[in-house]
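Chains as they are written, first to last, in our numbering: chain P, -8 to 302; chain F, -2 to 441. Just so it is clear, CB atoms sit at the ideal spot from N, CA and C, and this is done for glycine as well. Quantities reported herein were computed from a predicted structural model and do not represent experimental measurements.
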């Protein structure tokens, strides 16, 4: 698969801080990509550069195999910013038409597509309502529609689920999967890890303007695993002690959480119990959640400062 | 370009389709008309309001007092005592009384006292002072054995006619009409700059605070968004202006003569503003409405209308870009807008001040400077053009002024575009002028 987007050594410095400091990564076509980072990490600056709103100080953006040309490529990108609003006094149908036409769709084309999406998301009856009469969730849906209706190759969603109830969040999630299946690539920016874990194929974590993690969700979890296993035993009359094989992290009756020491395999541990005649009912590896990885990494980098050196 | 058009179209339609647009567009001329009608009504109806009793103990007036149509003077018996006079005032028979003491000398040194129930207003005071002064002066002259004929010939003044060197008569009414047109056109541009400039500013602020800007700039360049907004609102302005012109002219041509058939004789009393006074005086001297029409025929109306549209558009484009920049820099707090607007409002107000100088002295150095300098020229030049091209405003000045104005709005638009681009996406921070200057200087 080709890359829809590749960033090479992207930099954007503001007067007081390095908003984006030498970031490179690529997004595969048709994938769902997670861009993660705490507040103020530089996500929005990065996304604004990818959408052509601001220009990088240095570095290249390669979009669909060619150097990114904001003027023309912008119509192949759909961007739903975190700070998003609508014209309050406009009718919903008119508003959708307006945004669609700004993306370069013709009037007829825009009308057909809006009707399709409104039907799909059960918004047909809204056409003549005013935006100010919409609830937050409803306007979120409208914003999602206007982001994707021009069939962009790259869809960028910044915190798409904030303010949505679980029902509507699922609806949007399904649409995201569907769009990816149809070949759109999706960049999904958030600091809500459980959503990322569920949706994304590949993630990049940035903090203080720098990339601190890049990989598939599976690989990252493997990289950060600490050999922790949950074991359930039966007939373990004698108390289990930490030993050269493992340390006990937590013990609750016959349920153990252990960390296996380096150089020891899980089979060694199983053998240890079997030889002692202890029945092993279950034996699972506990992988760290992205949330834990995120917090660990962000706290590690907190000490370093992003401000320019004074001399 | 197509995107600017789309944005302008939305800005235009959302404003024009609003009910308030129709309301203000129709109500404002009605309001102006009602205002004028009221002014005229009060002008026609005043006079005879103030009644002054004169107690002529020195018998200067010999029982006769020439009347004036504005204030009614009445000689009352010299035997009236102060309590009696006070009672008359209390009964509202008179507004006040003036006692001329028996030992009053006509040498102009004695002071007379007028007692009144309520305090008498400035204008009436001056009228009374003038009237009595004139009457007493006449009496004084007559008392020096000057005959009435001699007096009349002293008081008659010589008239001076103004003409240019080729002998073409430069009638008073033409100058007055020029004056009126200059003031009205300058005032109108001043008002329109403010109205539509702040409309642009509010629009930008709305886009910023409602966070729609970020959505839009992912589809169009910030500069296109700004230009679309300016063009759209400018189109609203022109449409509204055209409707107003038609309505105002229509109302004044049809309704005014209907309501006030006697108006044509009373125009001389309209004292709405200095221009009005002067126009009225000129009309009085030159014989009514005919003179106005005569004066108008000397004025190049198509040129003035053409220049008005040009200077309105030029000034609007110049200032609205700056208003847009300010709007983009403002956060939720409207108080910020106030302080940021100051530097923009100063030149407009300054232009207004120069304009009032320029209508009186259209060829003075200040007037010429004001009409060339792009920040003030939309207002000041209109005041000068009314006096005639190329007599008062040579062609080269008009040309330089136009070029500078075009250059000026290209310049402010360019600068404003830079501020706008950064400001529109900047939240939660109070932005100072110093920062804005940094954005302008910064590359890309």
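{"Asked": "Tell me the start and end of each unbroken beta strand (DSSP E) in the stretch 47 to 128 of chain P that is at least 3 residues and wholly inside, in chain order.", "Found": "49 to 54, 68 to 71"}
{"Asked": "Evaluate the contact criterion for the stretch 267 to 275 of chain P versus the stretch 212 to 231 of chain P: three or more CB pairs, one atom per stretch, below 8 Å.", "Found": "yes"}
{"Asked": "In angstroms with no decimal places, state the Cα-to-Cα distance between residue 323 (chain F) and residue 0 (chain P).", "Found": "35 Å"}
{"Asked": "So, under 8 Å CB-CB, residue 189 (chain F) and residue 345 (chain F) are touching, yes? Tell me the CB distance rounded to an integer number of Å.", "Found": "In fact, because the Cβ distance is near 11 Å, the residues do not count as touching under 8 Å."}
{"Asked": "What are the start and end residues of the beta strand (DSSP E) that includes residue 201 (chain P)?", "Found": "201 to 207"}
{"Asked": "What residue ranges within the stretch 63 to 142 of chain F form continuous alpha helix (DSSP H) runs of no fewer than 4 residues, ordered along the chain?", "Found": "79 to 87, 119 to 140"}
{"Asked": "Flag this pair as touching only if the stretch 82 to 100 of chain F and the stretch 114 to 123 of chain F have three or more C-beta atom pairs under 8 Å; answer yes or no.", "Found": "yes"}
{"Asked": "Please say whether residue 132 (chain P) and residue 114 (chain P) have beta carbons closer to each other than 8 Å?", "Found": "yes"}
{"Asked": "Please report whether the beta-carbon of residue 17 (chain F) lies at a distance below 8 Å from any beta-carbon of chain P.", "Found": "no"}
{"Asked": "Give the straight-line distance between the Cα atoms of residue 72 (chain F) and residue 36 (chain F), rounded to the nearest whole angstrom.", "Found": "32 Å"}
{"Asked": "Verify whether the separation of the beta carbon atoms of residue 24 (chain P) and residue -2 (chain P) is less than 8 Å.", "Found": "no"}
{"Asked": "In chain F, which residues lie with their C-beta within 9 Å of the C-beta of residue 78 (chain P)?", "Found": "7, 11, 203, 204, 207, 209"}
{"Asked": "Hey, does residue 291 (chain P) have any beta-carbon neighbour from chain F nearer than 8 Å?", "Found": "no"}
{"Asked": "Please classify residue 72 (chain P) as buried or exposed, where buried requires at least 16 other C-beta atoms within 10 Å of its C-beta.", "Found": "buried"}
{"Asked": "Nearest CA to the CA of residue 66 (chain P): which residue from P:145, P:179, P:118, P:12?", "Found": "P:145"}
{"Asked": "Determine which residues of the stretch 34 to 65 of chain P have a Cβ less than 7 Å from any Cβ of chain F, and write them out in chain order.", "Found": "42, 44, 46, 65"}
{"Asked": "Could you work out which residues of chain P lie near residue 3 (chain F), taking near to mean beta carbons separated by less than 9 Å?", "Found": "89, 92, 93"}
{"Asked": "If we ignore side chains and look at the alpha-carbon of each, how far apart do residue 2 (chain P) and residue 31 (chain P) end up?", "Found": "16 Å"}
{"Asked": "Kindly identify the DSSP beta-bridge partner or partners of residue 276 (chain P).", "Found": "P:220"}
{"Asked": "In terms of residues, what are the limits of the beta strand (DSSP E) holding residue 193 (chain P)?", "Found": "193 to 198"}
{"Asked": "Counting only the same chain and skipping the five closest in sequence on each side, list residues whose C-beta sits under 6 Å from that of residue 59 (chain P).", "Found": "52"}
{"Asked": "Let's see if you can read the secondary structure: which residues bound the beta strand (DSSP E) around residue 243 (chain P)?", "Found": "237 to 243"}
{"Asked": "What residue range is occupied by the uninterrupted beta strand (DSSP E) comprising residue 47 (chain F)?", "Found": "47 to 53"}
{"Asked": "Between the beta-carbon of residue 186 (chain F) and the beta-carbon of residue 387 (chain F), is there less than 8 Å?", "Found": "no"}
{"Asked": "Reducing DSSP to helix, strand and coil, say where residue 423 (chain F) ends up.", "Found": "coil"}
{"Asked": "Roughly how many angstroms separate the alpha carbons of residue 201 (chain F) and residue 97 (chain P), rounded to a whole number?", "Found": "26 Å"}
{"Asked": "How is residue 155 (chain P) classed by DSSP in three states: helix, strand or coil?", "Found": "coil"}
{"Asked": "For residue 284 (chain P), collect the residues of the same chain with a Cβ closer than 7 Å to its Cβ; drop the 5 residues on either side in sequence, then sort them by chain order.", "Found": "211, 215"}
{"Asked": "Apart from the five residues on each side of it in sequence, which residues of its chain come closer than 6 Å, Cβ to Cβ, to residue 294 (chain P)?", "Found": "In this prediction, residue 294 (chain P) has a pLDDT of 49, which is less than 50 and means its spatial position is unreliable; what the coordinates show is noted afterwards. Taken in chain order, the list of residues that qualify is empty."}
{"Asked": "Is there a Cβ of chain F sitting closer than 8 Å to that of residue 299 (chain P), yes or no?", "Found": "In this prediction, residue 299 (chain P) scores a pLDDT of 43, lower than 50, which makes its location untrustworthy; the coordinate-derived value is nonetheless stated afterwards. Not an interface residue."}
{"Asked": "Using the C-alpha atoms, what's the distance from residue 428 (chain F) back to residue 365 (chain F)?", "Found": "36 Å"}
{"Asked": "Between the alpha carbons of residue 210 (chain F) and residue 243 (chain F), how many angstroms are there, rounded?", "Found": "37 Å"}
{"Asked": "Check whether chain P comes within 8 Å of residue 0 (chain F), counting only Cβ atoms and requiring the distance to be less than that.", "Found": "yes"}
{"Asked": "Within 10 Å of its beta-carbon, does residue 359 (chain F) have 16 or more other beta-carbons around it, so buried, or fewer, so exposed?", "Found": "buried"}
{"Asked": "Taking only the alpha-carbon atoms, compute the straight-line gap between residue 410 (chain F) and residue 156 (chain F) and give it to the nearest angstrom.", "Found": "53 Å"}
{"Asked": "Which runs of the beta strand (DSSP E), 3 residues or longer, sit entirely within the stretch 142 to 188 of chain P?", "Found": "145 to 149, 176 to 181"}
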